[in-house]
Amino acid sequence: MTYIQSRNSRGGNSFRYTTLSVFLIVVAVIGIRFLLPNFFSGFMTAIARPFWRTEFSIYSGQLMSAEALLNSKEDLMRRLDEANMRGATAFALAIENTELKSMLGRASSTPIILAAVLSKPPLAPYDSLVLDIGSENGIVAGSMVYGMGNVPLGKITDVLAHSSKVLLFSSPGQRFDVLVGKTHIQAIALGKGGGQYVVELPRDSKVMEGDTVAIPSLKSNLYGIVSSIVSDPSQPFEKVLFAVPLNIFELRWVYVEKP
Amino acid sequence: MMKSIFRILIDIAIFICLVHAWWYFALLLAIIGLWNFGLYIEIILAGLIYDALYGTMKVTDIMGSIGLVVGVIFFVILTFIKKLVRIRE
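Read top to bottom, the protein sequences are chains A and B. Here the numbering used here runs 810 ahead of the position in the first sequence, where the first position is 1. Here the numbering used here runs 145 ahead of the position in the second sequence, where the first position is 1.
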């Protein structure tokens, strides 16, 4: 008798081997991540770091011509003078604030360190930043990260020798207490990604677009600015959307609190 | 020979995309690779690399393994579809 050669058994075996190999890879990966949590992260970051540094240097203008650099420097000096003039008043107020807190025994003596943002994934499931400082600079997991103007951005979650990762407060699903508007209504903000947040408030809370959002602490750092209010007459609550007052995707430098 | 070179070029391109966090281009390239080459486990490795570079959660949290999970799902689904629509590899 003549039989038609079956392809199913061969294809089935191939599929079975493929599935088995994938399963083994996943198990191996999970096992390594359990035993050595920073192994993959440290290894891959060590490979990627030179690329990130090069990219950062290019964006910082290190490959510009001397003439372009001089022009840029003059422009920046002029802007710095203008900013200094404007900042003088704010600086005096900050000193006064520190002195008053010091008199009341509440002065902050937490040192901060400047860090370059090496990478920030756009449109990513991970709302995170990679910084160029790590455990060798005295950074530990849990350190607060601030943007320019002392805007709280996130917390250090993973620390490697020469780099660290920051989980932004705006990461999807992150929750924390905030004070919204002129009347400082306490509420729980929910991260929506990319520096955006949402908070639910009663409809008669009288929060307006442009109102400030702060974190409940003595520092009263500006946390965000209300950008939009979504209100439905049939609902007792309204959604207040707010965003950090700086562009997360253009961040080049941040401050990290040292323990 | 040409196919091997093409595969290596796609792998390099995926790595460049991952370093720049352009996960959408990396995923697109990985799907092209998965469709054209047999046993394209690079898609799983790409997910692993993405998690290692940008993931901030620990292994106990699924949120720290999004890249790996997406890589495995695409690998299994496309391998299954390839098996259905192709006579032989």
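The C-beta atom is built at its ideal place from N, Cα and C for all residues, glycine as well. None of these values were measured; they are calculated from a predicted model.
In this chain, the alpha helix (DSSP H) harbouring R863 of chain A covers 849-869. Less than 8 Å separates the beta-carbon of E1019 of chain A from that of S1037 of chain A. At a cut-off of 8 Å between beta carbons, V1066 of chain A makes no contact with chain B. In the three-state scheme derived from DSSP, where H, G and I count as helix and E and B as strand, R985 of chain A is classed as strand. Spatial neighbours of W168 of chain B in its own chain (CB-CB distance under 8 Å, excluding positions within 5 residues in sequence) are listed in chain order as C162, Y195, G212. Considering only beta carbons, the part of the stretch 176-210 of chain B lying closer than 7 Å to chain A consists of L184, I186, I189, L193, I194, A197, L198, Y199, G200, T201, K203, V204, in chain order.
In terms of Cβ geometry, D937 of chain A and S981 of chain A form a close pair [threshold 8 Å]. In this structure, the straight-line span from the alpha carbon of Y827 of chain A to that of I226 of chain B is close to 16 Å. In this structure G983 of chain A is in contact with G1001 of chain A, their Cβ atoms being roughly 6 Å apart against a cut-off of 8 Å.
By the CB criterion at 8 Å, I157 of chain B and I177 of chain B fall outside the cutoff. For Y1065 of chain A, the beta-bridge partners assigned by DSSP are A:L924, A:Y956. Put simply, the backbone Cα of I186 of chain B is about 21 Å away from that of H165 of chain B. Between the stretch 1006-1018 of chain A and the stretch 984-995 of chain A there are three or more inter-stretch CB-CB distances shorter than 8 Å, so the stretches are counted as touching. Each of A:I905, A:F850, A:S831 was checked against the Cα of V969 of chain A, and the nearest Cα belongs to A:F850. Only those residues of the stretch 857-868 of chain A whose C-beta falls short of 9 Å from the nearest C-beta of chain B are listed: I857, A858, F861, W862, E865. Per DSSP, the unbroken beta strand (DSSP E) holding F1052 of chain A starts and ends at 1047-1053. Taking 8 Å as the CB threshold, M854 of chain A lines the interface with chain B. With contacts defined as CB atoms closer than 8 Å, G944 of chain A and H972 of chain A qualify as a contacting pair. When CB distances to chain B are screened at a threshold of 7 Å, the residues of the stretch 977-1010 of chain A falling below it are L977, in chain order. Residues of the stretch 957-969 of chain A whose Cβ lies closer than 8 Å to any Cβ of chain B, in chain order: T967, D968. Comparing alpha carbon positions, the residue from A:G948, A:K930, A:E946 closest to V940 of chain A is A:K930. Within the same chain, Cβ atoms closer than 6 Å to the Cβ of V1040 of chain A are found at K1049, the five residues on either side in sequence being excluded. Secondary structure at A971 of chain A: coil, using DSSP grouped into helix, strand and coil. Judged by DSSP secondary structure, L213 of chain B falls within the alpha helix (DSSP H) whose first and last residues are 211-230. Shown in chain order are the members of the stretch 215-227 of chain B whose Cβ falls below 8 Å from a Cβ of chain A: V217, F220, V221, T224, F225.
When the five nearest sequence neighbours on each side are left out, the beta carbons in the same chain lying within less than 8 Å of the beta carbon of I995 of chain A are those of L989, L1011, S1015, V1017, in order along the chain.
When the five nearest sequence neighbours on each side are left out, the beta carbons in the same chain lying within less than 8 Å of the beta carbon of G216 of chain B are those of A175, I188, I189, L190, A191, G192, L193, in order along the chain.
Closer than 8 Å to the CB of F825 of chain A there is at least one CB belonging to chain B. Scanning chain A for C-beta atoms nearer than 7 Å to the C-beta of V230 of chain B yields nothing, as the closest lies near 12 Å away.
R1062 of chain A is classed as exposed because its beta carbon has fewer than 16 other beta carbons within 10 Å across all chains shown. In this structure, DSSP gives G1020 of chain A a state outside helix and strand, which the three-state scheme calls coil.
Per DSSP, reduced to three states, the secondary structure at V839 of chain A is helical. Following the DSSP letters along the chain, one finds G178 of chain B inside the alpha helix (DSSP H) bounded by residues 168-181. Under a criterion of Cβ atoms nearer than 8 Å, the residues of chain A adjacent to L213 of chain B are, in order, V836, V839.
Identification of chain B residues near F1059 of chain A by a Cβ-Cβ cut-off of 9 Å yields none; the smallest Cβ-Cβ distance measures about 11 Å. For A997 of chain A, the pairing in a beta bridge is given by DSSP as A:V988.
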